[in-house]
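Taken in sequence, the protein lines are chains C and W. Take 59 as the starting number for the first sequence in the working numbering and just add one per residue. Take 59 as the starting number for the second sequence in the working numbering and just add one per residue. Below: one structure, written as structure tokens.
2 protein chains.
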Amino acid sequence: MQTLRRYRYPVSGKQLASELGVSIRTLYRDIASLQAQGAHIEGEPGVGYLLRPGFMLPPLMFSDEEIEALVLGSRWVSRRGDAKLGEAARNVMAKVAAVIPAELRQELETSTLLIGPAATQPEDDSILERVRAAIRAERKLCIAYGDSEGNPSTRIIWPFAVGFFDTIRVVVAWCELRKGFRHFRTDRIGELHSLEARIPRRRHDLLKEWREYKGVEPQ
Amino acid sequence: MQTLRRYRYPVSGKQLASELGVSIRTLYRDIASLQAQGAHIEGEPGVGYLLRPGFMLPPLMFSDEEIEALVLGSRWVSRRGDAKLGEAARNVMAKVAAVIPAELRQELETSTLLIGPAATQPEDDSILERVRAAIRAERKLCIAYGDSEGNPSTRIIWPFAVGFFDTIRVVVAWCELRKGFRHFRTDRIGELHSLEARIPRRRHDLLKEWREYKGVEPQ
DNA sequence: ACTCTACTGCCAGAAACTGGCAGTATGCCT
DNA sequence: AGGCATACTGCCAGTTTCTGGCAGTAGAGT
Numbered sequence: 059m060q061t062l063r064r065y066r067y068p069v070s071g072k073q074l075a076s077e078l079g080v081s082i083r084t085l086y087r088d089i090a091s092l093q094a095q096g097a098h099i100e101g102e103p104g105v106g107y108l109l110r111p112g113f114m115l116p117p118l119m120f121s122d123e124e125i126e127a128l129v130l131g132s133r134w135v136s137r138r139g140d141a142k143l144g145e146a147a148r149n150v151m152a153k154v155a156a157v158i159p160a161e162l163r164q165e166l167e168t169s170t171l172l173i174g175p176a177a178t179q180p181e182d183d184s185i186l187e188r189v190r191a192a193i194r195a196e197r198k199l200c201i202a203y204g205d206s207e208g209n210p211s212t213r214i215i216w217p218f219a220v221g222f223f224d225t226i227r228v229v230v231a232w233c234e235l236r237k238g239f240r241h242f243r244t245d246r247i248g249e250l251h252s253l254e255a256r257i258p259r260r261r262h263d264l265l266k267e268w269r270e271y272k273g274v275e276p277q
Numbered sequence: 059m060q061t062l063r064r065y066r067y068p069v070s071g072k073q074l075a076s077e078l079g080v081s082i083r084t085l086y087r088d089i090a091s092l093q094a095q096g097a098h099i100e101g102e103p104g105v106g107y108l109l110r111p112g113f114m115l116p117p118l119m120f121s122d123e124e125i126e127a128l129v130l131g132s133r134w135v136s137r138r139g140d141a142k143l144g145e146a147a148r149n150v151m152a153k154v155a156a157v158i159p160a161e162l163r164q165e166l167e168t169s170t171l172l173i174g175p176a177a178t179q180p181e182d183d184s185i186l187e188r189v190r191a192a193i194r195a196e197r198k199l200c201i202a203y204g205d206s207e208g209n210p211s212t213r214i215i216w217p218f219a220v221g222f223f224d225t226i227r228v229v230v231a232w233c234e235l236r237k238g239f240r241h242f243r244t245d246r247i248g249e250l251h252s253l254e255a256r257i258p259r260r261r262h263d264l265l266k267e268w269r270e271y272k273g274v275e276p277q
């Protein structure tokens, strides 16, 4: 898995086998067993193998308390994240539930830590989804924003993080108009579209610089 | 693992081996390798084997979105749960980070979904911790409670769930005084102590009945 | 002292894995 | 259309690993 993950383009079985020090025949068998375990490895004749992005977690041991924390966290994301993120959280729980024995599954589903409904009406989810997509793709966004006094403006921003507060969510970005870090409440973003232009700096560096500027501890 | 989990008392290796259809010698070897993988199996000469409570997750594959959801959920619990639950959430992330290759670890730590600070000052964490302990042990609680008009009362309750709202947390319980389901805000609980007496009904049944009574969907 | 039990080293037989070979199917390039 | 690179499968012998029995040590409870 680790070897295959290093490549972002299809790589031939022959090459993989020589890197791992095994024969081609064994490689085919190993890949088949990895696929049986759920790894998303795509193989095409004439092309090679490609690992679809994702995480492979080895066997892991969790205490009761840790499982409760995991379930509670997933439930929170499921109810407070945007639609896609919520579905991802439910998928996590479904995957975990699918592989544990039946006696434990009940313990999972019966977990007694519940997330209550949101205090405020959720705004349009698709804004958050599109912001997250832009962050991941490291692309600039053009937004119509109304500030706290209601003054409308149109800005080009470099989004690199989303902050979840109890009742609101803010996009953390570099603002080209103001030439500085700014926060934008998602419920005050009117129109939004993703630009072709890439953000000229790495997301990780922007985040680090913003943390130093604001004095925010890593989480 | 599954075989061993069924027992709540120490069980001899001989018995385990015959249930699994392997020899004693092999069982010792298998247990050694499970322990090497992180399973909490305790073996004492003259007593037998005992599995400390916990979950063993087999290898699992997650997509990028699912990992983001998992990280975000853990961060929320880490900042909004009580001290023990928060530590458990951080342990989950630490365990995951410990077993994934270095390139991926950075992706985890750099995850750009952040949880902001709580809007209100958190009340005494230990109340929530003790309520959760009572729920897990299925023990009655005696609490001093002030209702919304501030009238103080002392009640014996059967706690079976905790609801997390944006700014407050409520204990869901059967109230012996009112002979019905009641909710108690944790910030209005004054004194609290756990009683020796067990709750006469199963937590799971109480939760189910409360859901039907309140019309709450399972999460 | 005795029994029950966990745990280790050793070794032969059993099981699983590995690597090579031959062969089929599919996509890309000329 | 044809050649080439590649994924993928069945078969079989050689190698490695796993298994089960035996003998023995050590700790806990009676």
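By construction, the Cβ of each residue, glycine as well, lies at the ideal position given by its N, Cα and C atoms.
- A contact is defined here as three or more CB-CB pairs under 8 Å, and the region 252-265 of chain C meets this definition with respect to the region 177-193 of chain C.
- Three or more beta-carbon pairs separated by less than 8 Å are not found between the region 135-148 of chain W and the region 98-106 of chain W, which leaves the two stretches without contact.
- The three-state secondary structure of W/Thr61, taken from DSSP, is helix.
- Under DSSP, C/His241 shares a beta bridge with C/Val230.
- For W/Gln60, the residues of chain C that pass the 8 Å Cβ criterion are Pro159, in the order they occur in the chain.
- Rounded to whole angstroms, W/Leu172 and W/Leu264 show a C-alpha spacing of 35 Å.
- For the C-beta of C/Thr168, the chain W residues within less than 8 Å are, from N- to C-terminus, Arg261, His262 and Leu265.
- Around W/Gly112, the same chain offers His98 as residues with beta carbons nearer than 7 Å, after the five sequence neighbours per side are excluded.
- A distance of 8 Å or more separates the beta carbons of C/Ala146 and W/Ala177.
- Listed along the chain, the chain C residues whose CB falls inside 9 Å of the CB of W/Ser121 are His98, Arg110, Pro111, Gly112, Phe113, Ala146 and Asn149.
- Ranked by how close their Cα comes to the Cα of C/Gly174, the residues C/Glu124, C/Glu102 and C/Trp134 have C/Trp134 in first place.
- Cβ-Cβ distances below 7 Å link C/Tyr65 to nothing in the same chain once the five nearest sequence neighbours on each side are left out.
- Within 8 Å of the CB of W/Ser132, the CB atoms of chain C belong to Ala127, Leu128 and Gly131, in sequence order along the chain.
- Among the residues of chain W, those whose CB is under 7 Å from the CB of C/Phe218 are Thr170, following chain order.
- Just so you know, the alpha carbons of W/Ser169 and C/Lys266 end up roughly 12 Å apart.
- Near chain W, meaning a CB-to-CB distance below 7 Å, the residues of the region 224-247 of chain C are Asp224 and Thr225.
- Residue pairing by DSSP places C/Ile173 opposite W/Phe222 in a beta bridge.
- Inside the region 74-118 of chain W, DSSP marks whole alpha helix (DSSP H) runs of 4 or more residues at positions 82-94, from first to last along the chain.
- In the DSSP assignment, C/Glu249 falls within the unbroken beta strand (DSSP E) covering Ile247 to Arg256.
- Here the C-alpha atom of C/Asp182 lies approximately 26 Å from the C-alpha atom of C/Val129.
- Fully contained in the region 127-159 of chain W are the following alpha helix (DSSP H) runs of length 4 or more, in chain order: 141-157.
- When only Cα atoms are considered, C/Gly79 and C/Arg87 end up about 14 Å apart.
- Taking a Cβ-Cβ threshold of 7 Å, the residues of chain C close to W/Pro116 are Pro117 and Val157, in chain order.
- Measuring C-alpha to C-alpha distances from W/Pro217 to each of W/Glu207, W/Phe120, W/Ser132 and W/Val228 identifies W/Val228 as the nearest.
- Contact between the region 195-212 of chain C and the region 153-169 of chain C is absent: fewer than 3 CB-CB pairs across the two stretches fall below 8 Å.
- Annotation: W/Met59 to W/Leu115 spans about 11 Å, alpha carbon to alpha carbon.
- For W/Ala191, the nearest beta carbon of chain C is not closer than 8 Å to its own beta carbon.
- With distances taken between CA atoms, C/Cys233 lies nearest to C/Ile214 out of C/Leu108, C/Leu162, C/Ile214 and C/Glu165.
- When the alpha-carbon of C/Lys72 is set against those of C/Leu92, C/Asn209, C/Val105 and C/Ala160, the nearest one is in C/Val105.
- Taking the beta carbon of W/Ile173 as reference, the chain C residues within 9 Å of it are Gly221, Phe222, Phe223 and Gln277, listed in sequence order.
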